[in-house]
Amino acid sequence: MASNRRAFLTATATAATATAVGAPGVAATPATADTGRPLSPAPATATAALDELLAGNRRYAAGRPRRPHDIVGHRRLLAGGQHPFAVVLGCIDSRVVPELVFDQGLGDLLCIRTAGQVLDEAVLGSIQYGVEELRVPLVVVLGHERCGAVAATLGRLRTGAPVPGHLELLVEEITPAARRTRALPGDWAEHTMRAHTAWVRDAIRADPAFARASVVAARFDLDSGLVALLP
Ligand SMILES: [Zn+2]
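Right, dumping it as structure tokens:
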């Protein structure tokens, strides 16, 4: 972790009273959409938020997405303020789109995506915005199988060949997990992804800046479409 991270977060916390992009709060209940039906209240606790995400994932995996809030009226309601109920830190992989994977709609998730869901100062600041300013109760770190960033890391460790340009940061962040799991039997890439995703979760959990939120790690299965929590 970069040495200036603490200073950055301290400065960000000090500035936490700055004007937010959207009004804080987690339990907003949009009155109606253009269907005239009341919309479901946003989950107000970490447990309820996780339950909603996993239920949405089951809908996605079964091919029965509901795509909540995906309507013009809801967009208009959200124009004045946002109330996402979960932060998702996931990979940039085009097959792992959080709003689709969890069957959520406009305004539901604050999504941060980097290759291999690696942390940097911009990511940490973005999570802190969600947790402190928007009072989001849940942070999900979402890894997935057959991740290209993990593959690049293992390739570098196998061959010793340098990786080009900005990819170096990604490989450096994933390398500790790859080294820790290299001797394990089975799929090295899978072990690395799990260890790295759990490490990112633990790093966020250990940071006092995020103490108000629950932080979990999960794995997305490209084949089944299902998300499973990591221990
Ligand atoms: Zn990936």
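Position one of the sequence shown corresponds to residue 27 (my numbering), numbered consecutively onward. For every residue, glycine included, the Cβ atom is placed at its ideal position computed from N, Cα and C. This one's a predicted model, so the numbers in the text were calculated from it and none came from an experiment.
- Message: Does the beta-carbon of residue 137, which I'm using as the reference point, lie nearer than 7 Å to any heavy atom of ligand 1?
- Response: Not so, every heavy atom of ligand 1 lies at least 7 Å from the Cβ.
- Query: Can you list every residue whose CB sits closer than 5 Å to some heavy atom of ligand 1, going in chain order?
  - Reply: The set of residues with CB atoms less than 5 Å from any heavy atom of ligand 1 reads, in chain order, 117, 119 and 173.
- Going by CA-CA distance only, name the one from 132, 139 and 112 that's closest to residue 119. Out of 132, 139 and 112, 139 has the C-alpha closest to the C-alpha of residue 119.
- Task: Starting from residue 241, follow its DSSP beta bridges and name the residues at the other end.
- Result: According to DSSP, residue 241 bridges with 165.
- Task: Inspect the beta-carbon positions of residue 156 and residue 136 and report whether they are closer than 8 Å.
- Result: It is a contact, given that the beta carbons lie within the stated cut-off.
- Query: Measuring CB to CB, does residue 114 end up less than 8 Å from residue 196?
  - Reply: Taking 8 Å as the cut-off, the Cβ atoms of residue 114 and residue 196 do not count as close.
- Message: Helix, strand or coil for residue 118? Go by DSSP, reduced to three states.
- Response: Coil, per DSSP.
- Query: By a C-beta neighbour count over all protein chains shown, 10 Å radius and 16 as the cutoff for buried, is residue 89 buried or exposed?
  - Reply: Label assigned to residue 89: exposed.
- Item | Residues bridged to residue 192 [DSSP beta-bridge criterion] | Beta-bridge annotation (DSSP): residue 192 is not paired with any residue.
- Supposed contact pair residue 134 and residue 95 - C-beta distance, whole angstroms, cut 8 Å: Right, the Cβ-Cβ distance comes to about 6 Å (below 8 Å), so this counts as a contact.
- Give the secondary structure of residue 100 by DSSP, where H, G and I count as helix, E and B as strand, and everything else as coil. If DSSP states are grouped into helix, strand and coil, residue 100 belongs with the helices.
- Pull up the DSSP beta-bridge partners for residue 221, would you. DSSP, once it has assigned bridges, lists no residue as partnering residue 221.
- What's the C-alpha gap between residue 125 and residue 183? About 33 Å.
- Query: Taking the C-alpha atoms as reference points, what is the distance between residue 51 and residue 186?
  - Reply: With a pLDDT of 37 at residue 51, under the threshold of 50, the modelled position of that residue is not reliable, and no figure is offered here.
- Taking the C-alpha atoms as reference points, what is the distance between residue 257 and residue 108? Rounded to whole angstroms, the gap between the alpha carbons of residue 257 and residue 108 is 31 Å.
- Buried versus exposed, by CB contacts within 10 Å (16 or more), residue 116: Buried.
- Message: Using 8 Å as the threshold, is the C-beta distance between residue 223 and residue 245 below it?
- Response: Using a Cβ distance threshold of 8 Å, residue 223 and residue 245 count as a contacting pair.
- Query: Of all the options 250, 255, 239 and 235, which has the alpha carbon lying nearest to the alpha carbon of residue 150?
  - Reply: Measuring from the Cα of residue 150, the nearest candidate turns out to be 235.
- For residue 165 and residue 153, the rounded distance between their alpha carbons: Straight-line Cα distance between these residues: approximately 8 Å.
- Can you grab the Cα-Cα spacing for the pair residue 121 / residue 85, in whole Å? Rounded to the nearest whole angstrom, the C-alpha separation of residue 121 and residue 85 is 16 Å.
- Opposing strand residues paired with residue 170 [DSSP bridges]: DSSP output for residue 170 lists 246 as bridge partner(s).
- Message: Measuring alpha carbon to alpha carbon, tell me which residue in 252, 112 and 213 is nearest residue 78.
- Response: The candidate whose alpha carbon is nearest that of residue 78 is 112.
- Residues near residue 93 by beta carbon distance below 8 Å, same chain, minus five either side: Hits under 8 Å: 129 and 131.
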